[in-house]
Amino acid sequence: MSRRESKITEHDLHAYADGALVDPKRQEVEAHLAADPAAAEEVEAWRRQNEALRALYGHVAAEPVPPRLSARRIEHAFRARTMHWTRLAAAAVLLVAAGATGGWLARDLWGPAPVQATLVAEALEAHRVYAAEVRHPVEVWADEADHLQAWLSKRLDRTITVPDLRPDGLTLVGGRLLPASSGPAAQFMYEDETGRRLTLYVIPTQDDRETAFRYAKLERLEAFFWSDDGISCALVGDLPRDRLKEIATRAYEQLG
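Each step along the sequence shown adds one to the number in the UniProt record's numbering, with nothing skipped, and position 49 is 49.
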């Protein structure tokens, strides 16, 4: 049984390797490992690694926590990293669509509204982190699309329809729940026949107003983002702008 088909997650396996599970979950994991030799070998390697680390650094546990590892400093570093991405996204050149069938108005802006700048920064960072993942790009795979849609709709407190982008040559890989600055966020991942991935990042908003498509480019990544009917979305990928706009339009039509 593959891990995609099992209810045992990688978090469960790490917890088992750390000796942090109790019955009945421990027994479930042991049964899973008995049926999956590859997973059992991997977990055993983790346990040996843990033992080696304890042998080398067990004495460190008794030492005071260094100031650089204080919760306050870590929080400050995290906030600084988020602000860095927000500033980068805000400095991107944005192209604002002038209506559904109008032309493009180019504006070199220092940034969109703060909420939109944060949306773009978080969507770009989430894409950068997870699109490159080989074994764990998503939490819920496409073969459980109904569960994925229901789960993320409940967590975002919005009715979320997973867009079908197969007409654009994109197959759903799956999705995951992410923390955003404003609360929970959903990320849906798609893949074309060459293995190139796009992600759709969705957050709930308190504003039901509709905004025009906006475009941002940062290094190799491009994004279209918009707000409509209580959600804000960003489609991110390494694609030509016109191609990405076509896909964003299809996603918008199904989400709205």
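No residue lacks a Cβ here, since even glycine has one placed at the ideal position from N, Cα and C.
Residues bridged to Thr194 (per DSSP): Numbered from its first residue, the sequence shown carries residue 194 at position 194. Thr194 pairs with nothing; no bridge assigned.
Evaluate contact between the stretch 135-153 and the stretch 162-174, counting only Cβ atoms and requiring at least three cross-stretch pairs below 8 angstroms. yes
With contact counted as at least three CB pairs below 8 angstroms, one residue from each stretch, are the stretch 117-132 and the stretch 151-170 in contact? no
Alpha carbon to alpha carbon, how far is Arg135 from Gln187? Within the sequence shown, the letter at position 135 stands for residue 135. Within the sequence shown, the letter at position 187 stands for residue 187. Those two C-alpha atoms are separated by around 17 angstroms.
Just reading off the beta strand (DSSP E) that Ile247 is part of, what are its end residues? Position 247 of the sequence shown, counted from the start, is the residue given in the question as residue 247. Counting along the chain, Ile247 falls outside any beta strand (DSSP E), though it belongs to the alpha helix (DSSP H) covering 241-255.
Pairing CB atoms from the stretch 196-208 with CB atoms from the stretch 230-237, are three or more of them under 8 angstroms? yes
Closest Cα partner of Val43 within the set Ala15, Glu28, Leu152: Here residue 43 corresponds to residue number 43 of the sequence shown, with the count starting at 1. Here the closest residue by C-alpha is Ala15.
Under the assumption that Ala223 contacts Ala123 (Cβ atoms under 8 angstroms), give the Cβ distance between them as a whole number of angstroms. Against the sequence shown, residue 223 aligns to sequence position 223. Against the sequence shown, residue 123 aligns to sequence position 123. That belief holds up - the Cβ atoms of Ala223 and Ala123 are roughly 6 angstroms apart, short of 8 angstroms.
Kindly indicate which residue of Gly19, Glu10, Tyr190, Ala212 has the alpha-carbon position closest to the one of Ala145. To locate residue 145, count along the sequence shown from 1; it is residue 145. Out of Gly19, Glu10, Tyr190, Ala212, Tyr190 has the C-alpha closest to the C-alpha of Ala145.
Residue burial classification, His11 (beta-carbon count within 10 angstroms, cutoff 16): Counted from its first residue, the sequence shown places residue 11 at position 11. Under this definition His11 is an exposed residue.
If we cut at 8 angstroms on Cβ distances, does Ala38 have a partner in chain E? Protein chains in the displayed structure number just one, and chain E is not present.
Considering only DSSP beta bridges, list what Val173 is partnered with. Taking the sequence shown and counting its residues from 1, one reaches residue 173 at position 173. According to DSSP, Val173 bridges with nothing at all.
Got a sec? Which residues, its chain only, sit under 7 angstroms from Ala17 by beta carbon, not counting five neighbours each side? Here residue 17 refers to the residue found at position 17 when the sequence shown is read from its first residue. Closer than 7 angstroms at Cβ, skipping near neighbours: Val43, Trp46, Arg47, Asn50.
Consult DSSP for Thr199 and reduce its assignment to one of helix, strand or coil. Within the sequence shown, the letter at position 199 stands for residue 199. Correct three-state label for Thr199: strand.
What's the call for Arg209, buried or exposed, on a 16-neighbour Cβ count within 10 Å? Here residue 209 corresponds to residue number 209 of the sequence shown, with the count starting at 1. Flag for Arg209 reads exposed.
Distance between beta carbons of Arg214 and Trp226, contact taken as under 8 angstroms: In the sequence shown, the residue the question calls residue 226 occupies position 226. In the sequence shown, the residue the question calls residue 214 occupies position 214. Sure, about 7 angstroms apart at Cβ, within 8 angstroms.
Nearest-angstrom Cα separation, counted from Ala212 out to Ile247: The residue given as residue 247 occupies position 247 in the sequence shown. The residue given as residue 212 occupies position 212 in the sequence shown. If you take the alpha carbons of Ile247 and Ala212, they lie about 15 angstroms apart.
Check whether the Cβ atoms of Asp168 and Arg220 lie closer than 8 angstroms to each other. Counted from its first residue, the sequence shown places residue 168 at position 168. Counted from its first residue, the sequence shown places residue 220 at position 220. For Asp168 and Arg220, no; Cβs fall outside 8 angstroms.
With 16 other Cβ atoms within 10 Å as the buried cut-off, status of Leu94: Position 94 of the sequence shown, counted from the start, is the residue given in the question as residue 94. Any reading at Leu94 is ruled out, since the residue's pLDDT is 46, under 50, leaving its predicted position unreliable.
Unbroken alpha helix (DSSP H) run spanning Leu148, endpoints: For this step, residue 148 is matched to residue 148 along the sequence shown. Start and end: 145-156.
What are the residues that DSSP puts in a beta bridge with Pro222? Mapped onto the sequence shown, residue 222 falls at position 222. According to the sequence displayed, residue 222 carries Glu and not Pro. DSSP, once it has assigned bridges, lists Lys217, Gly237 as partnering Glu222.
Rounded to whole angstroms, what's the CA-CA distance from Arg241 to His32? Just pull it up for me. Counting from 1 along the sequence shown, the entry for residue 241 is found at position 241. Counting from 1 along the sequence shown, the entry for residue 32 is found at position 32. Arg241 and His32: Cα-Cα distance of roughly 45 angstroms.
Looking at the strands, I want to know which residues DSSP matches up with Gly230. As a working note, residue 230 is residue 230 in the sequence shown. In DSSP, Gly230 forms no bridge with anything.
Kindly indicate which three-state DSSP category His131 falls into: helix, strand or coil? Start at 1 with the first residue of the sequence shown, and residue 131 comes out as number 131. The question names His, but residue 131 in the sequence shown is Ala. In the structure shown, Ala131 sits in coil (DSSP, three-state: anything other than H, G, I, E or B).
Taking DSSP as the reference, what is the three-state secondary structure of Leu165? In the sequence shown, the residue the question calls residue 165 occupies position 165. It is coil, neither helix nor strand.
Starting from the Cα of Thr118, find the closest Cα among Ala35, Ala34, Ala185, His147 and give me that residue. Walking along the sequence shown from the start, residue 118 turns up at place 118. Considering only alpha carbons, the answer is Ala185.
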